[in-house]
Amino acid sequence: MTESIDMQLTDALQPGEGPITAAVYLPADPASVLWGRLPCAADEPVLTVSSGTEVTIDTISHEGVLDDQGSDPVAFFGRFGVPSTHVLDDAILLAATRTRDPLTDGPHVVIGPVLVEGAMPGDLLKVTVLEAVPRVPYGVVSNRHGRGALPGDYPTGDLGVSVFAAVDGDHGTMPRALGGEHTVRFPLAPFLGIMGVAVAGDERPHSVPPGPHGGNIDINLLTVGSTLYLPVQVPGALAYVGDPHFAQGDGEVALTAMEASLRVTLRFEVVSEADAVAAFGTLVGPLAETSDYLVPTGMSPDLDEAVQNCVRAAIALLQARFGMDAEHAYAYLSAATDFNISQVVDLVKGVHARIRVADFS
Numbered sequence: 000m001t002e003s004i005d006m007q008l009t010d011a012l013q014p015g016e017g018p019i020t021a022a023v024y025l026p027a028d029p030a031s032v033l034w035g036r037l038p039c040a041a042d043e044p045v046l047t048v049s050s051g052t053e054v055t056i057d058t059i060s061h062e063g064v065l066d067d068q069g070s071d072p073v074a075f076f077g078r079f080g081v082p083s084t085h086v087l088d089d090a091i092l093l094a095a096t097r098t099r100d101p102l103t104d105g106p107h108v109v110i111g112p113v114l115v116e117g118a119m120p121g122d123l124l125k126v127t128v129l130e131a132v133p134r135v136p137y138g139v140v141s142n143r144h145g146r147g148a149l150p151g152d153y154p155t156g157d158l159g160v161s162v163f164a165a166v167d168g169d170h171g172t173m174p175r176a177l178g179g180e181h182t183v184r185f186p187l188a189p190f191l192g193i194m195g196v197a198v199a200g201d202e203r204p205h206s207v208p209p210g211p212h213g214g215n216i217d218i219n220l221l222t223v224g225s226t227l228y229l230p231v232q233v234p235g236a237l238a239y240v241g242d243p244h245f246a247q248g249d250g251e252v253a254l255t256a257m258e259a260s261l262r263v264t265l266r267f268e269v270v271s272e273a274d275a276v277a278a279f280g281t282l283v284g285p286l287a288e289t290s291d292y293l294v295p296t297g298m299s300p301d302l303d304e305a306v307q308n309c310v311r312a313a314i315a316l317l318q319a320r321f322g323m324d325a326e327h328a329y330a331y332l333s334a335a336t337d338f339n340i341s342q343v344v345d346l347v348k349g350v351h352a353r354i355r356v357a358d359f360s
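Okay, structure coming up:
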């Protein structure tokens, strides 16, 4: 089921066109992407950079290229009134030249891997988001059978639901009901749902469940100016990104959020094991940082365990970073820290804490 909405179209940001901020550019060519899988140690890098390098990367949303949407983004978005000139050429090329097995692979288009020289297991890879530019003035929120927070309730019909959302300045808009004239308007906050490093071994992980390697963590705080620290699993880190969003509420309950392609500029830096332990303790999973918060994470197929894992990670972080003892850290977290559900739809559920750095100034 699809529905359309009136929108103000601007030009699509096609590959190689428009502003490219960094000196190093990584387009989403078919040879530079994995579809539905994440890199492992056996994968060859598509790009090699030194620590501190800034890279501008084009990402492609999976919405509009998937098989249950016809594997034809021009036809799919045309049903919403989007002319072919406003559909991304790299999305069209991907759908025409690459395939995935929907029974065994995830939906996400993953760019990479990028080898960062000097990164070794025990180190952290520090990924800073410098820029996130929408490539199109529209996105899609989808709900599919057997997925989402209410898999037995929605979708109510036989088919999946793709809700079209238009960009209106710094907000998104979507219909309040099928065929309705009224819309709902919400702020945009672009970020990458997938940021990760390769796992050890020669088996590529499924793109949906996140883990210690990062991957599909869907933390909506990872907007411009934020940083993600990832425990390096293999030499060179072999970093990758994907799953671009224009907006997402904590939980991402319907299955996807406002999915749409971004051009991002990232800085990749290696934090040595000694410096990492001194700053954060020993991390067992991703840690985000914004100007206001330190953001430890917890993950598990069970939401209760995900919360517990996040609390343990937060206590360990407070001990290492601020010299708190465990009992006082636990008390502080209860009094002053929000624990947010990152997402409940990716098989492995995610929780993140927002620890205010100003409290320790």
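When we follow numbering that gives the first Met the number 0, the leftmost residue of the sequence shown carries the number 0, and every step to the right adds one. Note that beta-carbon positions come from the ideal geometry of N, C-alpha and C, so glycine has one too.
Asked: Rounded C-alpha distance that separates E2 from F279; Found: Only weak support is given to the placement of E2: the predicted model assigns it a pLDDT of 46, under 50, and the value that follows is read from those uncertain coordinates. Distance between the alpha carbons of E2 and F279 is about 47 Å.
Asked: N- and C-terminal bounds of the alpha helix (DSSP H) containing E304; Found: L302 to F321
Asked: Segment contact, 8 Å Cβ cut-off, at least three pairs: the stretch 106-121 with the stretch 24-38; Found: yes
Asked: Touching by the beta-carbon criterion (3+ pairs, under 8 Å), the stretch 282-301 and the stretch 141-157; Found: no
Asked: Check whether V356 and L265 have beta carbons under 8 Å apart; Found: no
Asked: Spatial distance of V166 from I354 (CA atoms); Found: 32 Å
Asked: Strand pairing of I340, partner residues [DSSP]; Found: V350
Asked: Per-residue burial, L114 [other beta carbons within 10 Å of its own, 16 or more giving buried]; Found: buried
Asked: Collapsed DSSP secondary structure at H205 in the structure displayed; Found: strand
Asked: I91 (DSSP reduced to helix, strand or coil); Found: helix
Asked: Same chain, Cβ closer than 8 Å to R184, five either side skipped, listed in chain order; Found: D167, H170, G171 and T172
Asked: Span of the beta strand (DSSP E), counted from its first residue to its last, around L332; Found: Unbroken run through L332 is the alpha helix (DSSP H), A325 to A335; no beta strand (DSSP E).
Asked: Classification of T55 by the beta-carbon crowding that lies within 10 angstroms, buried from 16 upward; Found: buried
Asked: Start and end residues, beta strand (DSSP E) containing D167; Found: V160 to D167
Asked: Beta-carbon spacing of F245, P133 below 8 Å; Found: yes
Asked: Cβ neighbours of L229 in the same chain (closer than 6 Å, five flanking residues each side left out); Found: L124, V196, G213 and P285
Asked: Residues sharing a beta bridge with L227, DSSP; Found: V126 and A287
Asked: Span of the alpha helix (DSSP H) around A272; Found: For the record, residue 272 in the displayed sequence is Glu; it is not Ala. Where E272 is concerned, the enclosing alpha helix (DSSP H) stretches over E272 to F279.
Asked: Stretch pair the stretch 90-107 + the stretch 145-153: three plus CB contacts closer than 8 Å; Found: no
Asked: Contacting residues, own chain, Cβ-Cβ under 7 Å from A315 (five flanking each side not counted); Found: G280
Asked: Buried or exposed by the 16-neighbour rule on C-beta atoms within 10 Å, applied to F359; Found: exposed
Asked: Alpha carbon of L191 to alpha carbon of D217, nearest angstrom; Found: 7 Å
Asked: One or two residues paired with G51 in a DSSP bridge; Found: G51 pairs with nothing; no bridge assigned.
Asked: Pairwise C-alpha distance: A188 and E251; Found: 14 Å
Asked: Inter-stretch contact (C-beta, 8 Å, three-pair minimum) for the stretch 47-66 and the stretch 236-245; Found: yes
Asked: Residue burial classification, S333 (beta-carbon count within 10 angstroms, cutoff 16); Found: exposed
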